[in-house]
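Scroll down for the structure; my scribbles are underneath it.
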């Protein structure tokens, strides 16, 4: 039976030290600890080998299926994995076997033993309204909302990450004969619309085949709207989705819209006026409640009133632009509650600020849930977030909001939650909403995030160890005179009953900390729960950031998994990782 005695001294490399100089003259030496399997890995190895020193392919297969819960694994898959882990000289042998260290090496391979599923596995055949959509806000800005440059670069970055909702604010250029993208009435510099559209065309489906929705904040004159129509049709060609009569009540599914670009904006002012004229001459037999009521204002509360200049132009041009709009935008002109009421006509997108959503959720949250069962709700950051910060997205998701628009160029815990949420479903940018957000009870009741519910599932999280900082950071990055003192914080975000915070003890003076601590999280709504993990380096004055990640609880794979960490901007570190175990009770 393999046994390392669980002693830190046995994990110390003989004769190898980290040396730190104090005051330029004194030298402090700290022994370098070698990363080795924790007791649980040794125990499970002994269990599946019956105490022997080697694990055969069939026993490794049993471990993967029974202990890790991996599905669809074959003996051929196992041999390919063992082939990869074992040294080339050993891999040439016809008899594959793992030692406990080989098993430990496998467990640290994040591309095959990561914490969540990496394939698209949600049902992608429901109408578009049934999905949470990875959405950006002012997608063209490189920095703050007042004076940063507008560029196609952040659009490309967002698309490569899997973002499916791109927002462009379109304005007449300085000579009034072209179209710029910029944050209007600020000092932000412009980028041309055609450059943004070309970038979207080239990168839209690099990360995901599912549709990209372009939300246009339209501040154009009618002749420039006609130019937009020409531009999008010529650039996108067959990629541009043209709305159909069948879209009246529901939109097509993400699966049906693969490799399609969808436009969403307000309908042109002159087109709406022409419809009003038609209504005046319509039959008196048509009941008033069957006549569609349209909203001419901007769909964002943080925009000013309609900037479209008065101009007369041909009806044909208007219709051409109008017929490209697959999801019409509206604004809560007469108050949010009135806007949330059902109305006949095409599927629409309503945009509200984070403050409006919070107020509405507190006063009439069930109206929001009912609205999002049929229409699309977009929630955007309040106007005072000039430094491109973000709000906590869970309140919006709890009420079914499909498009929670975020400033992707910033960083912070809220953005980490957004990135974490959309790691789900293979990172494709579309997540099927839980059934309870789409269902109604016998008395027309809908999901209430504030309701007291029984515990549905309990998640146990064990933090074994961490490694990789010594490879990705300089010797003195965290402390000039000694190795770092790491600890891990584990948060649960979700409905109020499920929110919890835990943290490990601090492991002093060690680049390879071993914690072996377990935490328990009872969950009433696991479908909306997010597991947040942050590593900090303890300091007397101010703790240093050492990595973070976030995952939807519903996507976690049970078993012992490697968890790669990311920097503040959500970029994955090359080497930094944790070894953890997830189990559901």
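Numbering (my numbering), first residue to last: 10 to 594.
Backbone N, C-alpha and C fix where the C-beta goes; we use that ideal spot for every residue, glycine too.
Subject >> Cβ shell of residue 44 (< 6 angstroms), same chain only, five flanking positions each side left out >> reply: In the chain shown, the residue the question calls residue 44 occupies position 35. These residues qualify, in order along the chain: 476, 521.
Original post:
Roughly how many whole angstroms lie between the Cα atoms of residue 238 and residue 75?
Top reply: Locating residue 238 in the chain shown gives position 229, counting from the first residue. Locating residue 75 in the chain shown gives position 66, counting from the first residue. Cα-Cα distance, rounded: 57 angstroms.
**OP:** Over the uninterrupted beta strand (DSSP E) stretch that includes residue 575, give me the two end residues.
**Re:** Taking the chain shown and counting its residues from 1, one reaches residue 575 at position 566. Element bounds for residue 575: 568 to 575.
**OP:** Measure the C-alpha to C-alpha separation of residue 301 and residue 352 and round it to an integer number of angstroms.
**Re:** Mapped onto the chain shown, residue 301 falls at position 292. Mapped onto the chain shown, residue 352 falls at position 343. For residue 301, the predicted structure reports a pLDDT of 27, less than 50, and the residue's modelled location is therefore unreliable. A value from the coordinates is still provided. Those two C-alpha atoms are separated by around 8 angstroms.
Original post:
Under the three-state reduction of DSSP, which class applies to residue 72: helix, strand or coil?
Top reply: Mapped onto the chain shown, residue 72 falls at position 63. DSSP places residue 72 in helix when its eight states are reduced to three.
Original post:
Can you tell me whether DSSP reads residue 537 as helix, strand or coil?
Top reply: Counting from one through the chain shown, the residue named residue 537 turns up at place 528. Correct three-state label for residue 537: helix.
**OP:** Assess, as a yes-or-no matter, whether the stretch 423 to 438 is touched by the stretch 449 to 457 under the definition of 3 or more beta carbon pairs within less than 8 angstroms.
**Re:** no
**OP:** Kindly provide the ranges of any alpha helix (DSSP H) runs that are 4 or more residues long and lie completely inside the stretch 395 to 476, ordered along the chain.
**Re:** 403 to 407, 422 to 430, 444 to 447
**OP:** Consult DSSP for residue 190 and reduce its assignment to one of helix, strand or coil.
**Re:** On the chain shown, residue 190 is found 181 positions in, with the first residue counted as 1. Strand at residue 190.
**OP:** Using the Cα positions of residue 342 and residue 348, report the straight-line distance between them to the nearest angstrom.
**Re:** The residue you call residue 342 lines up with position 333 of the chain shown. The residue you call residue 348 lines up with position 339 of the chain shown. Approximately 7 angstroms between the Cα atoms of the pair.
Original post:
residue 134: which of 262, 443, 159 sits nearest, CA to CA?
Top reply: Mapped onto the chain shown, residue 134 falls at position 125. Ranking 262, 443, 159 by Cα distance to residue 134 puts 262 first.
Original post:
Does the beta-carbon distance from residue 482 to residue 548 come in below 9 angstroms?
Top reply: Indexing the chain shown from 1 puts residue 482 at position 473. Indexing the chain shown from 1 puts residue 548 at position 539. No, these two residues do not count as a Cβ contact at 9 angstroms.
**OP:** Check residue 500 in the structure and name its three-state DSSP category.
**Re:** Here the question's residue 500 lines up with position 491 in the chain shown. Looking at residue 500 - three-state DSSP - the assignment turns out to be strand.
Original post:
So, helix, strand or coil for residue 373, using DSSP?
Top reply: By 1-based counting over the chain shown, the position of residue 373 is 364. Correct three-state label for residue 373: helix.
Original post:
Considering residue 515, what are the terminal residues of the alpha helix (DSSP H) in which it resides?
Top reply: Residue mapping note: residue 515 aligns to position 506 of the chain shown, counting from 1. Unbroken run through residue 515: none, as it is neither H nor E.
**OP:** Please report how far the alpha carbon of residue 54 lies from the alpha carbon of residue 338, in whole angstroms.
**Re:** Against the chain shown, residue 54 aligns to sequence position 45. Against the chain shown, residue 338 aligns to sequence position 329. Each residue's Cα considered, the two are about 58 angstroms apart.
Original post:
Which term fits residue 442, buried or exposed, when burial requires 16 or more other beta carbons within 10 angstroms of its beta carbon?
Top reply: Reading the chain shown from its first residue, position 433 is the one you call residue 442. Buried, because 16 or more other Cβ atoms sit within 10 Å of the Cβ of residue 442.
Subject >> Local Cβ density within 10 Å of residue 26, reported as buried at 16 or more and exposed below that >> reply: Residue 26 sits at position 17 when you count from the first residue of the chain shown. Exposed, by the Cβ-count rule.
Subject >> Burial state of residue 271, where buried means 16 or more other Cβ atoms lie within 10 Å >> reply: Here residue 271 is taken as the residue at index 262 of the chain shown, counted from 1. So residue 271 counts as buried.
**OP:** Name the two residues that bound the continuous beta strand (DSSP E) containing residue 223.
**Re:** For this step, residue 223 is matched to residue 214 along the chain shown. Residue 223 -> beta strand (DSSP E) spans 221 to 227.
Original post:
Do residue 403 and the ligand NAD come close, with the Cβ less than 8 angstroms from some heavy atom?
Top reply: Within the structure as shown, the ligand NAD is missing, as the structure has no ligands at all.
Original post:
Is residue 566 closer than 9 angstroms to residue 78 when the C-beta atoms are compared?
Top reply: As a working note, residue 78 is residue 69 in the chain shown. As a working note, residue 566 is residue 557 in the chain shown. Going by C-beta atoms, residue 78 is nearer than 9 angstroms to residue 566.
Original post:
If you count every other CB in all the chains shown that lies within 10 Å of the CB of residue 596, and 16 or more means buried, which is it?
Top reply: Here the chain covers residues 10 to 594 and nothing more, so residue 596 does not appear.
Subject >> Exposure of residue 490, with buried meaning 16 or more beta-carbon neighbours within 10 Å >> reply: Position 481 of the chain shown, counting from 1, holds the residue named residue 490. Residue 490 should be labelled exposed.
Subject >> Whether residue 171 touches residue 216 by CB criterion (9 angstroms) >> reply: Looking up residue 171 in the chain shown gives position 162. Looking up residue 216 in the chain shown gives position 207. Contact flag set, yes.
Original post:
How big is the Cα-Cα spacing for residue 467 and residue 225?
Top reply: On the chain shown, residue 467 is found 458 positions in, with the first residue counted as 1. On the chain shown, residue 225 is found 216 positions in, with the first residue counted as 1. Their Cα atoms are separated by approximately 43 angstroms.
Subject >> DSSP state of residue 115 mapped onto helix, strand, coil >> reply: Residue mapping note: residue 115 aligns to position 106 of the chain shown, counting from 1. Note: residue 115 maps to helix in three-state DSSP.
Original post:
If you run the structure through DSSP and keep just helix, strand and coil, what is residue 525?
Top reply: What you label residue 525 is simply residue 516 of the chain shown in a count that begins at 1. Looking at residue 525 - three-state DSSP - the assignment turns out to be strand.
Original post:
Should residue 289 go down as buried or exposed, given a rule of 16 or more other Cβ atoms within 10 Å for buried?
Top reply: As a working note, residue 289 is residue 280 in the chain shown. Unreliable positioning characterises residue 289 in this predicted model, as indicated by a pLDDT of 38, which lies under 50. A coordinate reading is not provided.
**OP:** Apply the 10 Å Cβ neighbour rule to residue 374 and answer buried if 16 or more other Cβ atoms are within range, or exposed otherwise.
**Re:** Position 365 of the chain shown, counted from the first residue, corresponds to residue 374. It is buried - the Cβ of residue 374 has at least 16 other Cβ atoms within 10 Å.
**OP:** Please name the residue or residues paired with residue 158 in a DSSP beta bridge.
**Re:** For the purposes of this step, residue 158 is identified with residue 149 of the chain shown, where counting begins at 1. In DSSP, residue 158 forms a bridge with 198.
**OP:** Determine, using beta carbons only, whether residue 403 and residue 426 come nearer to each other than 9 angstroms.
**Re:** Stepping through the chain shown from its first residue, residue 403 is reached at position 394. Stepping through the chain shown from its first residue, residue 426 is reached at position 417. Yes.
Subject >> residue 546 (DSSP reduced to helix, strand or coil) >> reply: Against the chain shown, residue 546 aligns to sequence position 537. Residue state, collapsed to three classes: strand.
**OP:** On a CA-only basis, which of 540, 458, 498, 383 is nearest residue 429? Give me that one, please.
**Re:** What you label residue 429 is simply residue 420 of the chain shown in a count that begins at 1. Selected option, being the one with the closest Cα: 540.
**OP:** Keeping to the same chain, check which residues put their C-beta closer than 7 angstroms to that of residue 544; ignore five residues upstream and five downstream.
**Re:** Position 535 of the chain shown, counted from the first residue, corresponds to residue 544. So the list reads 475, 495, 497, 555, 556, 574, once near-sequence residues are dropped.
Subject >> Sub-9 angstroms separation of residue 91 and residue 69 beta-carbons >> reply: For this step, residue 91 is matched to residue 82 along the chain shown. For this step, residue 69 is matched to residue 60 along the chain shown. Contact flag set, yes.
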